[in-house]
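**Student:** Residue numbering for the sequence shown follows full-length UniProt numbering, starting at 1 and increasing by one per position. In this text, a Cβ means the ideal position worked out from N, Cα and C, and glycines have one as well. Below is the structure I would like to discuss, written out as C-alpha cells.
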Amino acid sequence: MQSSELTHTLSFGLHIDTGSPDDLRNGCLEARRIRNEVNRLDRHGWDWDDLRSVVVDNATHVKNTSQQIVDKILGEIETYHEHKDDGWGRPYPYIDKLYPMVMNHGEGYRLFLEDEDTVRFRISAAPRNHVKGELRGSPDHFDRVRTALENDEWRVGTAEVVHKHSEWRLHVTVTHEQHHVASKNDAETIVGVDVNEDCIALTAMNRDGAMLDSVVIEYPEIKERRHEFFTKRKRMQNAGQTAFESVVQTEERDYVHDCLHKVSRQVVDWVSQFTDPVIVFEDLKDMRDSIDYGTRMNRRLHSLPFAALREMVSYKASWRGIPSDEVDPEYTSQRCPRTECQHTSRSNRQKKRFRCQECGFQDHADRKAAVCVVQNWFAVATIVSELIRR
C-alpha cells in the first residue's frame, strides 16, 4: 500500500441569500478584463513577473484572487506552448464571455458547516463585498466537501465561480493528502492497455497468465471530429481567416477532452470488477518523437491524445485505490501472444486483424496487443524477482 496526494473537483449550485448574483457577474467581468489584459501584454512580449505585478496592482478583486486569476491565465498560455505541436490553439487574445473568478479558501471564499445537512459559503466578489448563501449539489459531493472541512487528512483548495446553464456555480477542489493506493507488486489481476486513435483495448489476466476477460472500447467519433476540425482550420487558413483559428482549435480540444473523460470512466469501471488490479500502459513517451510516416500520417499520430487518456485513467483509478504501471511497448503489435510461438513480424498485423504467419493464431489486433502488454509486464516482474532473490 502506498500513499499519494489526490485532488478532486466538486461542483455546487449557489443559493444566494445575502448579496446579489450581479455581484458575482461583476466579479467575473473583472476576471475577464484581467484575462484579456494578460493575453494582450503577453503578446507584446512582457516579462511574466512584470506582467503579474502590473495586472494584480490594477485589479479590483481581493489581491489573492487577482493573483489566482493571473496564474490561471498564464497556465493556459504555458499549456499552449507545451502542446502547440499537437495542434492546440493559442488562447484567443480577447473574449467577451464571463471568465471564472479563481479564489483561495480562507481568502477569496470560505465554506462553513452549519449543520450536517447544510454547507454555507461566503464569496468576496470584491473587497468588503460578500455574497453569502448555501451550496446545492449531489450527496456524493456534499460528503466529500464535509469530509474535507472536518478531516485533518483533507484540505479545501481553490474554487472557481462560473456561470453555466443560466446558473451560478462553485467548482471546489478538495485534496486527500494521504490517499491510499494499492501496491502494483501485490496485484492479483494485470490489465494490459493498448491505446489507439479510434479505440482502447483492455485485457485482464491473473498471475497464472490465464485471460479473465477483455474488451475493446471504441470512440471513432473522436477521430472523425478531429478530421472535421482539421479540415475547417485548413479552409480558414486558405481563406485568410486566421483570426478564428484559435477558436476552432479550442473547440476541438474541449470536445476531445469531454470524450476522453467519458472513455476513462468506462475503463476504470470495467477494471474495478477484478480482484486487486493494476493497470499497465505502454510507455509511449519516446514513440512520437521517432515517428516519421509522411505528412498526413504524422499529423494523425503526433496529435493522438495518448498522454491525456492515460492521465485521466490513472487519476480516476487512483481514487479507487487502483495502481498504474508502464512497460516497454516493443513488438506488442507484431508479436504472437502464444507462449509456444512468440513469432514477431510486421506482416502478422493487417489493420485491425492479427494473424500469426507462423502458427496461424488470429485475434483482434488491438486486443492481442493488450495481451502482449501484460506479457511484457510479467517479463519485467520476473527479472525484478530474480534480482531480489540474489
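Do Y99 and C28 have their C-beta atoms within less than 8 Å of each other?
**Tutor:** If you number the sequence shown from 1, residue 99 lands on position 99. If you number the sequence shown from 1, residue 28 lands on position 28. For Y99 and C28, yes; Cβs fall inside 8 Å.
**Student:** Taking the alpha-carbon positions, what's the Q334 to E218 distance?
**Tutor:** Here residue 334 refers to the residue found at position 334 of the sequence shown. Here residue 218 refers to the residue found at position 218 of the sequence shown. Spanning the two alpha carbons is a distance of roughly 21 Å.
**Student:** Run through DSSP, which three-state label would R32 get?
**Tutor:** For the purposes of this step, residue 32 is taken as the residue at position 32 of the sequence shown. R32: helix per DSSP, three-state reduction.
**Student:** Would you list the residues sitting across from T18 in a DSSP beta bridge?
**Tutor:** Taking the first residue of the sequence shown as 1, we reach residue 18 at position 18. In the DSSP output, where bridge partners are listed per residue, T18 has K132.
**Student:** Please check if any C-beta of chain C sits within less than 8 Å of the C-beta of V172.
**Tutor:** Reference to chain C is not applicable here, since this structure consists of a single protein chain.
**Student:** In three-state terms, what does DSSP make of C199?
**Tutor:** Looking up residue 199 in the sequence shown gives position 199. Residue state, collapsed to three classes: strand.
**Student:** Who does K10 pair with in a DSSP beta bridge?
**Tutor:** In the sequence shown, residue 10 corresponds to position 10, counting from 1. One point to set straight first is that residue 10 is Leu, not Lys, in the sequence displayed. Its beta-bridge partners are V172.
**Student:** Is it buried or exposed, D292, if we count other Cβ atoms within 10 angstroms and call 16 or more buried?
**Tutor:** To locate residue 292, count along the sequence shown from 1; it is residue 292. Unreliable placement is indicated for D292, whose pLDDT of 45 sits below 50; the coordinate value is still reported in the next sentence. It counts as exposed.
**Student:** Return helix, strand or coil for Y293, following the three-state DSSP convention.
**Tutor:** Position 293 of the sequence shown, counting from 1, holds the residue named residue 293. Note that Y293 scores 44 on pLDDT, short of 50, meaning its location in the model is unreliable; the coordinates nonetheless yield the value given after this. Residue state, collapsed to three classes: coil.
**Student:** In the structure shown, what three-state DSSP assignment does G157 receive?
**Tutor:** The residue labelled residue 157 in the question sits at position 157 within the sequence shown. It is a strand residue.
**Student:** For C359, count the other beta carbons within 10 Å of its own beta carbon; 16 or more makes it buried, fewer makes it exposed. Which is it?
**Tutor:** Residue mapping note: residue 359 aligns to position 359 of the sequence shown, counting from 1. With fewer than 16 Cβ atoms within 10 Å of its Cβ, C359 is classed as exposed.
**Student:** Evaluate contact between the region 180-192 and the region 156-168, counting only Cβ atoms and requiring at least three cross-stretch pairs below 8 Å.
**Tutor:** Short answer: they don't touch.
**Student:** Quick one: using the 10 Å Cβ neighbour count with 16 as the cut-off for buried, is G108 buried or exposed?
**Tutor:** Within the sequence shown, numbered from 1, the residue matching residue 108 stands at position 108. So G108 counts as buried.
**Student:** Nearest by alpha-carbon distance to D22: which of N129, Q68, V172, L6 is it?
**Tutor:** By 1-based counting over the sequence shown, the position of residue 22 is 22. Nearest C-alpha to D22: N129.
**Student:** Have a look at the DSSP bridge pairing and note the partners of M101.
**Tutor:** In the sequence shown, residue 101 corresponds to position 101, counting from 1. Paired residues: V161.
**Student:** Where does R25 fall in DSSP's three states?
**Tutor:** The residue you call residue 25 lines up with position 25 of the sequence shown. Note: R25 maps to helix in three-state DSSP.
**Student:** Measuring alpha carbon to alpha carbon, tell me which residue in R338, V54, H227 is nearest M211.
**Tutor:** For the purposes of this step, residue 211 is identified with residue 211 of the sequence shown, where counting begins at 1. M211 has its Cα closest to that of R338, out of R338, V54, H227.
**Student:** With DSSP collapsed to three states, give me the class of H302.
**Tutor:** Residue mapping note: residue 302 aligns to position 302 of the sequence shown, counting from 1. With a pLDDT of 48 at H302, under the threshold of 50, the predicted position of this residue should be treated as unreliable, though the coordinate-derived value follows. It is helical.
**Student:** Using CA atoms only, rank isn't needed, just tell me which of I322, K232, N26, D258 is closest to E221.
**Tutor:** Position 221 of the sequence shown, counting from 1, holds the residue named residue 221. Ranking I322, K232, N26, D258 by Cα distance to E221 puts D258 first.
**Student:** Just reading off the beta strand (DSSP E) that A59 is part of, what are its end residues?
**Tutor:** The count along the sequence shown starts at 1 and reaches residue 59 at position 59. That residue, A59, is in no beta strand (DSSP E); it is neither H nor E in DSSP.
**Student:** Does DSSP put Y109 in a helix, in a strand, or in coil?
**Tutor:** In the sequence shown, residue 109 corresponds to position 109, counting from 1. Strand, per DSSP.
**Student:** For a test of the three-state rule: what should DSSP assign to L74, helix, strand or coil?
**Tutor:** By one-based count along the sequence shown, residue 74 stands at place 74. Looking at L74 - three-state DSSP - the assignment turns out to be helix.
**Student:** Excluding five sequence neighbours on each side, which residues of the same chain lie with their C-beta closer than 7 Å to the C-beta of E30?
**Tutor:** On the sequence shown, position 30 is the one that residue 30 refers to. The residues are A59, T60, H61.
**Student:** Can you tell me the Cβ-Cβ gap for V161 and T18, rounded? I've got them flagged as a contact below 8 Å.
**Tutor:** On the sequence shown, residue 161 is found 161 positions in, with the first residue counted as 1. On the sequence shown, residue 18 is found 18 positions in, with the first residue counted as 1. In fact, because the Cβ distance is near 15 Å, the residues do not count as touching under 8 Å.
**Student:** For the alpha helix (DSSP H) that contains R225, what are its first and last residues?
**Tutor:** Residue numbering aside, residue 225 sits at position 225 when the sequence shown is read from its first letter. Start and end: 220-238.
**Student:** Quick check on the burial criterion: 16 or more other C-beta atoms within 10 angstroms. Buried or exposed for P139?
**Tutor:** Looking up residue 139 in the sequence shown gives position 139. Counting Cβ neighbours within 10 Å, P139 comes out exposed, since fewer than 16 surround it.
**Student:** Short check: CB of residue 394 to CB of K232, under 8 Å?
**Tutor:** Because the chain in this structure spans residues 1 to 390, residue 394 falls outside the shown range and cannot be described.
**Student:** Ignore the nearest five residues each way along the sequence and tell me which others in Q362's own chain have a CB closer than 6 Å to its CB.
**Tutor:** In the sequence shown, the residue the question calls residue 362 occupies position 362. So the list reads R355, once near-sequence residues are dropped.
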